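Residues in the sequence shown are numbered consecutively from 28, following this note's numbering.
Cβ coordinates follow ideal geometry from the N, Cα and C atoms, glycine included.
Just so it is clear, the structure is predicted and the values come from calculations on it, not from any experiment.
Here the structure comes first, spelled out in structure tokens, and everything after it is commentary.
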Amino acid sequence: SKAPLTTLTYSNLTETYNAFIIRGKNKGLTDYKAGEKVTFSSPKFTISGNALKSIEIFSPKKKNGNVDKTLPLKVTWDGGNSQNILIYLRGVWTSFMNEEPDTLACYVENDGEFTIPINILDKFQWGQKTDLSIVDRQTIMTENAKLIIGVTTTLDIYEDRNATPPSPTKTM
């Protein structure tokens, strides 16, 4: 399990301020506690929002290093502030050039539990490595600025270094 990643993006029509710039002007991103006011000012605008509650993933739990791909995938979590959140799987081919990652995304109610049905998982390309992420984002808009506050937690749930894509290309 990886530590939750908090992202802040501030932008107006002509500029985007990413996290590395914010760290120099404000607290480090991990210094914000849930509900704490986050403010960013530039010569062109000032905008504020509240930090989100971090997300903790309780399941799936890996057995022998992997989840069981033949069963529906039950995901349970706690955290986030929004009514709906994004759950997604990302399968990558680490040893094959030119193979695009496969992504399965579900926008679901933030009630702490969601099961991805097997008929959907059967179409997903797990790749050689798959991770599960849960994302919550809030966007605050003013007349000349937009503030996106997000929190993401990612869990590695599957790995098979011997897997090959349906139509393999050259290996690295």
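Bridge partners of Thr180 according to DSSP: Ile161. In the three-state DSSP reduction, Ile145 falls in the helix class (H, G or I). Under a 10 Å Cβ-count criterion, Gln110 is classified as exposed, with fewer than 16 other Cβ atoms of the shown protein chains found around its own Cβ.
By the C-beta density criterion, Asn137 is buried, having at least 16 other C-beta atoms within 10 angstroms. Between Leu98 and the set Leu148, Ile175, Asp183, Asp163, the nearest pair of CA atoms involves Leu148. Across the set Ile74, Lys60, Gly62, Ala61, the C-alpha of Ile74 shows the shortest separation from the C-alpha of Ile175.
The segment 177 to 187 and the segment 143 to 161 touch, with three or more beta-carbon pairs separated by less than 8 Å.
Distance between Asn108 and Ile145, taken at the CA atoms: about 28 Å.
The three-state reading of DSSP puts Ala132 in strand, counting E and B together. Contact check for Leu100 against Thr142 passes: the beta carbons are separated by less than 8 Å. Looking from the CA of Asn77, the closest CA among Thr179, Glu63, Arg117, Ser86 belongs to Glu63. One alpha carbon belongs to Glu126, the other to Ala172, and they sit about 37 Å apart.
Asp187 sits in coil when the DSSP states are folded into three classes, being neither helix nor strand.
The three-state secondary structure of Ser86, taken from DSSP, is strand.
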